[in-house]
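These notes concern the structure reproduced below.
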Amino acid sequence: MTDANHILTGPCSVERAFAIIGGAWTFLVLREVLLSRVQRFDEFCANLGIARASLDKTLTRLVRHGVLERRPIKADARRMGYFPTAMGEDLLTPLVAAMNWGNAWCADGQETRPRLRHEVCGQPLQGAIVCSACHEPIRAREARFAAAPGRHPDLAPARHQEYGKNRYVPVALLERMGPCAIARTMAAIGDPWSFLILRECFYGVRRFDDFRRHLAIAPNILSVRLKRFLAEGILVTRPIPERPHQVEYRLSEKGMQLYCLPVSVIAWGDRWLAGDDGPPLILTHNNCGQTFTAELYCGYCNAAVVGGEVRMMPDAS
Ligand SMILES: [Zn+2]
Ligand SMILES: [Zn+2]
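Residue numbers (my numbering): 1297 to 1613.
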């Protein structure tokens, strides 16, 4: 992590990535597509307990941005199904990052789902998010960032349009069909503004006015999300000695551990949405001194895991 001399104020591949996939239902739809290979609209509805209108909106957005493809189902060519593109398969890492954090911090002693298997080695997936250069797990305190050419401040209005449509969804709705670590994570941070605020926290931003200025976010939208992060224990407040009526917002240990999620979304955004100028920032891993992106590694066979290699295991009970 680096102190906030704020170098990234405008939309870029990262913000586009948050806008496309930064919603709670979006992650659960991706869970169904990537881990259970669900294809049919009715099957999504049954597995998620999601309203048809919300599902339609989510699927349409994912198809429009090239994450999914809508085409006839092979076994029944009269019916249409949803299939991940290569860009969609590549979202496995953020999905596992969300699952890992939900398991570590929101399981409340319950056995959580989904349980995954790495099809290559046949073992239950203990997926670690690692540095692409040295393959060691990445932590917020061990990484720093620097600006790169690929940021485009002129896209600011598009951000507000896209983000307004993605609302916070309570965990009771997301878990209507059963407990899920991904659902719990997304109940805590599952909307694009929350992802952006979290990104700012990792840049070292701590004060209300700084969040507001850097993100051009409305005070009420910001305030609701900071309160939720406090309630979730992701942020804690500290007094500001020279301003007795104000507080700073700092990441707790629980918040620090979320790092792999935004970083893996950033890696995906850089690969698929960066455009000609490349990514908006370069991450460096202090431990190995190399620039890096987030990669998913299997703890058993110690190899990179790519989209299509992981499946949900049937529940034990
Ligand atoms: Zn490294
Ligand atoms: Zn493996």
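Virtual Cβ for every residue (Gly too), placed ideally from N, Cα, C.
Every value quoted in this text rests on a predicted model; they were computed, and no experiment measured them.
Three-way DSSP call (helix, strand, coil) for residue i in this model
i                  : result
leucine 1326       : helix
glutamine 1422     : coil
alanine 1618       : Since the first residue shown for the chain is 1297 and the last is 1613, residue 1618 is missing from the structure and cannot be characterised.
phenylalanine 1614 : Within the shown structure, residues of the chain are numbered from 1297 to 1613, placing residue 1614 beyond reach of any answer.
threonine 1589     : coil
leucine 1387       : coil
cysteine 1341      : helix
proline 1488       : helix
proline 1576       : coil
arginine 1509      : helix
proline 1475       : coil
alanine 1468       : helix
Residues sharing a beta bridge with residue i, DSSP
i               : result
methionine 1608 : Leu1412
threonine 1533  : Tyr1545
leucine 1372    : What sits at residue 1372 in the sequence shown is aspartate, not leucine. Answer is Ile1369, bridged to aspartate 1372.
Proximity test, residue i beta-carbon vs ligand 2 heavy atom, cut-off 6 Å
i              : result
histidine 1581 : no
valine 1416    : yes
tyrosine 1593  : no
Any non-hydrogen atom of ligand 1 within 6 Å of residue i CB
i            : result
alanine 1320 : no
alanine 1514 : no
alanine 1600 : no
alanine 1429 : yes
Whether residue i touches residue j by CB criterion (7 Å)
i               : j              : result
leucine 1326    : leucine 1421   : no
histidine 1414  : valine 1601    : yes
proline 1380    : valine 1416    : no
alanine 1393    : serine 1548    : no
threonine 1580  : threonine 1587 : yes
isoleucine 1493 : arginine 1521  : yes
glutamate 1591  : valine 1465    : no
methionine 1376 : arginine 1360  : no
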